[in-house]
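Here is the structure we will look at, set down as structure tokens.
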Amino acid sequence: SLVVLFGATAGAYGAKLGSDERELILLVWQVVDLHSKKVGTLHKSLVKADNLDLSDQCREVSGLTPEGLGKAEPLDRVLQQFSQLVSSDLKVLGRSSYTLCSDGQLLIRQVLHPETSKKNFLLSDCFYSFYDLRKEFHTCYPSSAAVKDQTIKTMAEYLGLGTDEAEEDFGVWQVKTMVAIIFSMLSEGCNHVFAEPETVKYKYETGPWIKAYFGFFFFFFFLCSSKSETVDSETVIRARGLPWQSSDQDIARFFKGLNIAKGGVALCLNSQGRRNGEALVRFVNSEQRDLALERHKHHMGSRYIEVYKATGEEFLKIAGGTSNEVAQFLSKENQVIIRMRGLPFTATQEDVLGFLGPECPVTGGKEGLLFVKYPDGRPTGDAFVLFSCEEYAQNALKKHKEILGKRYIELFRSTAAEVQQVVLNRYMSTPLIPTLPTPIIPVIPPPYTIATGSIRDCVRLRGLPYTAGIDDILEFMGDATGDIKPHGVHMVLNQQGRPSGDAFIQMKSADKAFMVAQKCHKKMMKDRYVEVFQCSGEEMNFVLMGGTLNRSGLSPPPCKLPCLSPPAYAAFQTAAVIPAEAAALYQPQALLPTTRTPQASAAAPPTVTYYPAQAAQLYMNYTAYYPSPPVSPTTVGYIAAPPGAVAAAATATHTPILPQPGALVRMQGLPYNTGMKEILSFFQGYQYAPDDYNGLIQLSDQARSVLQAPKEWVCL
Numbered sequence: 001s002l003v004v005l006f007g008a009t010a011g012a013y014g015a016k017l018g019s020d021e022r023e024l025i026l027l028v029w030q031v032v033d034l035h036s037k038k039v040g041t042l043h044k045s046l047v048k049a050d051n052l053d054l055s056d057q058c059r060e061v062s063g064l065t066p067e068g069l070g071k072a073e074p075l076d077r078v079l080q081q082f083s084q085l086v087s088s089d090l091k092v093l094g095r096s097s098y099t100l101c102s103d104g105q106l107l108i109r110q111v112l113h114p115e116t117s118k119k120n121f122l123l124s125d126c127f128y129s130f131y132d133l134r135k136e137f138h139t140c141y142p143s144s145a146a147v148k149d150q151t152i153k154t155m156a157e158y159l160g161l162g163t164d165e166a167e168e169d170f171g172v173w174q175v176k177t178m179v180a181i182i183f184s185m186l187s188e189g190c191n192h193v194f195a196e197p198e199t200v201k202y203k204y205e206t207g208p209w210i211k212a213y214f215g216f217f218f219f220f221f222f223l224c225s226s227k228s229e230t231v232d233s234e235t236v237i238r239a240r241g242l243p244w245q246s247s248d249q250d251i252a253r254f255f256k257g258l259n260i261a262k263g264g265v266a267l268c269l270n271s272q273g274r275r276n277g278e279a280l281v282r283f284v285n286s287e288q289r290d291l292a293l294e295r296h297k298h299h300m301g302s303r304y305i306e307v308y309k310a311t312g313e314e315f316l317k318i319a320g321g322t323s324n325e326v327a328q329f330l331s332k333e334n335q336v337i338i339r340m341r342g343l344p345f346t347a348t349q350e351d352v353l354g355f356l357g358p359e360c361p362v363t364g365g366k367e368g369l370l371f372v373k374y375p376d377g378r379p380t381g382d383a384f385v386l387f388s389c390e391e392y393a394q395n396a397l398k399k400h401k402e403i404l405g406k407r408y409i410e411l412f413r414s415t416a417a418e419v420q421q422v423v424l425n426r427y428m429s430t431p432l433i434p435t436l437p438t439p440i441i442p443v444i445p446p447p448y449t450i451a452t453g454s455i456r457d458c459v460r461l462r463g464l465p466y467t468a469g470i471d472d473i474l475e476f477m478g479d480a481t482g483d484i485k486p487h488g489v490h491m492v493l494n495q496q497g498r499p500s501g502d503a504f505i506q507m508k509s510a511d512k513a514f515m516v517a518q519k520c521h522k523k524m525m526k527d528r529y530v531e532v533f534q535c536s537g538e539e540m541n542f543v544l545m546g547g548t549l550n551r552s553g554l555s556p557p558p559c560k561l562p563c564l565s566p567p568a569y570a571a572f573q574t575a576a577v578i579p580a581e582a583a584a585l586y587q588p589q590a591l592l593p594t595t596r597t598p599q600a601s602a603a604a605p606p607t608v609t610y611y612p613a614q615a616a617q618l619y620m621n622y623t624a625y626y627p628s629p630p631v632s633p634t635t636v637g638y639i640a641a642p643p644g645a646v647a648a649a650a651t652a653t654h655t656p657i658l659p660q661p662g663a664l665v666r667m668q669g670l671p672y673n674t675g676m677k678e679i680l681s682f683f684q685g686y687q688y689a690p691d692d693y694n695g696l697i698q699l700s701d702q703a704r705s706v707l708q709a710p711k712e713w714v715c716l
């Protein structure tokens with residue numbers, strides 16, 4: 001038996017049905033016995049939508065009104081009635097099983113499945129298999145119009161059926177005409193057989209989509225895969241704007257009703273291995289892909305998702321490779337994959353299993369764990385874990401940000417494609433920077449001084465918006481801007497090199513600082529109020545170098561503690577300053593303009609002391625190892641220096657910008673809390689770079705992202 005089904009939404013009609021995410025408002029159906037050619041009762045049911053605002057097209061075509069729909073039942077109740085009435089009609093006809101038959105694919109795939117998925121209730125099994133009347137008609141009548149051009153009216157006209165659409169209610173005419181078309185196809189001249197129904201996948205199948213190659217052949221396969229393996233570009237789309245925590249199952253749910261190929265969801269990652277909000281999705285055929293494109297700007301939660309065409313080559317780049325280790329890990333199908341991030345580098349399989357505990361057993365024990373490593377074998381702090389069911393995975397996700405050792409661990413849902421991307425990228429990554437970043441030097445290196453002593457001629461701004469810049473601070477100060485000392489604005493950076501919400505300003509006198517603190521305290525900047533306190537230059541220096549200033553008093557920075565320097569070495573040399581060549585390796589927003597005086601150069605010792613003399617004038621948040629800019633970007637600009645300018649600067653100062661080949665070493669794998677003291681102690685007994693070079697330079701974020709290392713330093 002067939003159940004002929006027709007429906008309409010509150011929005012678009014016809015070829016655009018379901019493309020606007022509007023809810024279902026009408027279902028009409030009738031049971032047809034294909035053997036006896038008898039029919040059951042025709043049923044029409046209105047559906048109460050959450051949003052009763054009908055489009056003009058819907059009002060015109062259907063004749064329905066919000067008032068009439070407001071008295072109807074919601075969709076879940078209507079579907080229950082549908083099942084009960086169909087079962088009753090089948091009993092009358094002496095039948096027990098049936099398959100749906102609809103006018104095309106849109107009602108089932110683009111309306112019913114997406115809407116029920118969003119409303120979190122399940123469709124019965126009958127909605128996962130159906131006949132597309134348009135395809136069946138074209139199979140029976142090959143000379144008719146193409147499937148995409150068929151409508152109920154054109155099929156009826158082709159058969160010469162004399163039905164008048166105006167005489168029947170909307171939906172009733174469509175179902176009656178579809179039944180008449182089916183009977184014509186069953187006539188002696190055609191004897192059409194409904195044999196191969198359309199199917200909707202119950203769930204997305206995870207796992208690698210291509211055959212895994214083992215051992216030596218993996219590397220050959222990887223190098224040749226782009227040529228030997230092909231993916232039909234007519235089956236691939238790119239989804240953009242995904243929530244960062246979205247998993248492959250979330251994306252499959254967004255495309256509910258459409259058949260995604262096995263392992264066909266590939267989450268795109270950035271250079272740090274983090275999701276960038278995009279995914280490539282491969283469908284089983286071009287027809288499913290075209291339906292997916294109609295979901296452009298449909299919503300996942302509160303976010304709309306953009307859907308575009310993509311190529312098979314793009315999909316191969318994201319999900320096209322795997323290794324022996326990954327293939328074995330992913331060989332267990334229908335597993336839930338969780339990604340762990342932030343593991344201690346010394347963490348073992350036993351540590352991870354103990355962290356997860358007995359309430360979330362890992363599939364296969366140790367075999368269900370995959371640690372991600374760099375090409376040289378060092379751990380990255382990432383791992384993937386397999387769980388046999390959703391319950392175990394949910395228990396694991398509850399441990400998000402719990403502590404293992406001395407670190408908190410992040411847990412996220414993951415995919416087979418993400419496993420392949422992350423592990424493969426680590427295998428193929430280059431451990432060294434091929435070239436140093438372009439040096440950046442100050443355009444105008446004016447001299448500057450930082451106030452010292454106990455005179456309270458400075459103010460501290462606390463609670464600044466993180467997006468606030470120097471211009472915002474100057475506007476916030478108002479008329480008092482004219483009382484700021486030249487280059488007297490100092491932004492405090494956090495350990496990621498970003499604004500911390502604090503800033504210090506040097507005023508021309510203590511009276512000016514007092515007036516500013518009184519006038520601007522708790523004044524609004526953008527959408528936040530800012531606290532303004534009067535302080536001294538000494539207090540400002542302590543904070544800029546890593547100390548803390550609060551109600552409990554002043555806590556000195558680590559570099560001021562007496563135990564940092566051995567008695568045989570001088571702790572600080574006030575004359576030494578950081579050179580422009582060394583500062584050029586810092587990021588532009590963290591640069592320090594330099595002051596190079598002949599007296600300082602003449603007085604510099606032939607070797608660098610145990611603790612670098614420049615530290616006293618870095619004005620850095622020492623615990624973060626990022627210098628806080630000592631000047632306003634509005635008064636000093638920085639541009640990338642051309643090679644000629646760099647060479648000229650080096651000639652003028654008679655100092656090479658970089659040492660001779662072989663004199664530069666790179667330290668890799670340092671603990672996160674490593675500072676200058678520990679590194680200099682490590683190299684104790686060796687001579688550092690001559691003259692006034694800052695022998696210790698931390699790599700910028702841009703350089704570190706290329707290296708993909710947690711924390712690294714370059715030593716001259």
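Position 167 of the sequence shown, counting from 1, maps to 167 under my numbering, and the rest follow consecutively. Backbone N, C-alpha and C define an ideal beta-carbon position, used for all residues, glycine too. Remember, predicted model here, so these are calculated numbers, not experimental data.
- Cβ neighbours of S129 within its own chain (closer than 8 Å, five residues either side excluded): T99, L100, P197, E198, T199, V200.
- Look at the beta carbons and you see the region 239 to 251 not touching the region 361 to 373: under three pairs across the two are nearer than 8 Å.
- For the options V39, G488, A15, the alpha carbon positioned closest to that of L2 is the one of V39.
- The C-alpha of A327 is placed about 56 Å away from the C-alpha of E60.
- Taking C-beta separations shorter than 7 Å and ignoring five residues to either side along the sequence, the partners of D483 in its chain run M507, K508, K512, following chain order.
- Around the Cβ of H299, a 10 Å sphere holds fewer than 16 other Cβ atoms; the residue is exposed.
- Within the region 249 to 322, the runs of beta strand (DSSP E) that reach at least 3 residues and sit entirely inside it are, in chain order, 260 to 269, 275 to 283, 298 to 300, 303 to 309.
- Residue nearest to A292 within the set S302, Y304, A266, K309 is K309 (criterion: CA-CA distance).
- Under the rule that a run must span 3 or more residues, the beta strand (DSSP E) segments found entirely inside the region 371 to 412 read 379 to 387, 402 to 404.
- For the pair K366 and T348, the Cα-to-Cα distance works out to about 10 Å.
- Boundaries of the beta strand (DSSP E) harbouring I237: 236 to 240, taken from the DSSP string.
- Residues of the same chain with a CB within less than 6 Å of the CB of K401, apart from the 5 flanking positions on each side, are Y408 in chain order.
- Beta-bridge partners assigned by DSSP to V543: none are found.
- Pairing G381 with G354 gives a Cβ-Cβ distance that is not under 7 Å.
- Scanning M491, V147, H487, L24 for the CA closest to the CA of E115 turns up L24.
- K37 counts as exposed, since fewer than 16 other beta carbons sit within 10 angstroms of its beta carbon.
- In the three-state reduction of the DSSP assignment, R666 falls in the strand class.
- Of the candidates K16, V193, L54, R295, V193 places its Cα closest to the Cα of H35.
- For S102, the enclosing beta strand (DSSP E) begins and ends at 99 to 102.
- Cα atoms of D53 and R282: separation of roughly 35 Å, rounded to the nearest angstrom.
- When Cβ pairs closer than 8 Å are counted between the two stretches, the region 75 to 83 is seen to touch the region 107 to 127, the count reaching three or more.
- Proximity of the region 246 to 263 to the region 403 to 419 meets the contact definition, three or more beta-carbon pairs being nearer than 8 Å.
- Within the same chain, S19, D20 come within 6 Å of A12 by CB-CB distance, once the 5 residues on both sides are set aside.
- A residue is called buried when at least 16 other Cβ atoms come within 10 angstroms of its Cβ; K176 meets this threshold and is buried.
- Beta-bridge analysis with DSSP links G7 to L27.
- Taking C-alpha positions only, R456 is separated from V543 by approximately 15 Å.
- Residue nearest to R295 within the set L186, N270, L258, G162 is L258 (criterion: CA-CA distance).
- For the options S143, Y131, K153, the alpha carbon positioned closest to that of A195 is the one of Y131.
- Scanning Y374, P379, A396 for the CA closest to the CA of T363 turns up A396.
- Across the set V265, P142, D351, V31, the C-alpha of V31 shows the shortest separation from the C-alpha of V92.
- As a beta-bridge residue in DSSP terms, Q506 pairs with C458.
- Here R134 is buried. Its C-beta has 16 or more other C-beta atoms within 10 Å.
- The DSSP-derived three-state label of Q534 is strand.
- Between the alpha carbons of K148 and R413 lies a distance of about 38 Å.
- Between R460 and F504, the beta carbon gap of about 6 Å places them in contact (Cβ cut-off 8 Å).
- Counting only residues of its own chain and dropping the five nearest sequence neighbours on each side, E234 has a CB closer than 7 Å to the CB of S286, R289.
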